[in-house]
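A.B. asks: For what it's worth, our numbering labels the leading residue of the sequence shown as 240, then goes sequentially.
Got a structure for you, written out below as structure tokens; questions coming shortly.
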Amino acid sequence: MPEQSDLLANLEDIILPTHYETALPAMGWWLLAMVIIAVLVGLLFSSWRYWQLCKPRREALQLLNQAELTLSETNQLMKRLALSYYPRQQVASLSGEAWLSFLDSTLKGNSSAFISIKQQWQQQLYAPSPSTLDADTAALCKRWVRNLRPPVNLRSFLSLAAASNQQSGITRGQDV
240 MPEQSDLLAN
250 LEDIILPTHY
260 ETALPAMGWW
270 LLAMVIIAVL
280 VGLLFSSWRY
290 WQLCKPRREA
300 LQLLNQAELT
310 LSETNQLMKR
320 LALSYYPRQQ
330 VASLSGEAWL
340 SFLDSTLKGN
350 SSAFISIKQQ
360 WQQQLYAPSP
370 STLDADTAAL
380 CKRWVRNLRP
390 PVNLRSFLSL
400 AAASNQQSGI
410 TRGQDV
């Protein structure tokens, strides 16, 4: 045991360095940080862009929930919303049964909901004295607007010029 006590007696205090050197992380950590930052920026941009693309839908839902609209006003609102998401050549000329078929094709779930109320739709749309929507038709129109999503393709997603020029057209009351 005496040997151990001699070893402990030979210990000296720790000598602290007078100058601390700061070493930069390795190059791999810098690359990883850049990749993480790029992914975060990409996610933020895509979230913001999707929010911008959904603006016409949010405005249409707000209008549908605020006031009691006639079928003619609701039809115009839905047509403006469809024009903001689909090409003008595809939507602008649609009327009557073709318009109702388009609404059914873009509605998730029941694929013939609008065609099944075609007679009622045409009678209310062209009635001499417009009345407010009945509950079933209003619920169907709200469901269509609520479930409609902007087409998510690279062209619409990255086209910032279209977003600044579009201004949604829902609240401005543009004619269809």
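Just so it is clear, CB atoms sit at the ideal spot from N, CA and C, and this is done for glycine as well.
Between the Cα of residue 362 and the Cα atoms of 342, 378, 335 and 245, which residue gives the shortest distance?
C.D. replies: Minimum Cα distance to residue 362 is reached at 335.
A.B. asks: Excluding five sequence neighbours on each side, which residues of the same chain lie with their C-beta closer than 6 Å to the C-beta of residue 380?
C.D. replies: 313
A.B. asks: Helix, strand or coil: which one does DSSP assign to residue 261?
C.D. replies: Collapsing the DSSP output to three states places residue 261 in coil.
A.B. asks: Using 8 Å for Cβ pairs, my map puts residue 342 next to residue 331. What's the rounded Cβ distance?
C.D. replies: Not a contact, Cβ separation roughly 15 Å.
A.B. asks: Return the CA-CA distance between residue 311 and residue 318, expressed in angstroms with no decimal places.
C.D. replies: 10 Å
A.B. asks: Return the chain-ordered list of same chain residues with a C-beta closer than 7 Å to the C-beta of residue 246, the five sequence neighbours on each side being excluded.
C.D. replies: none
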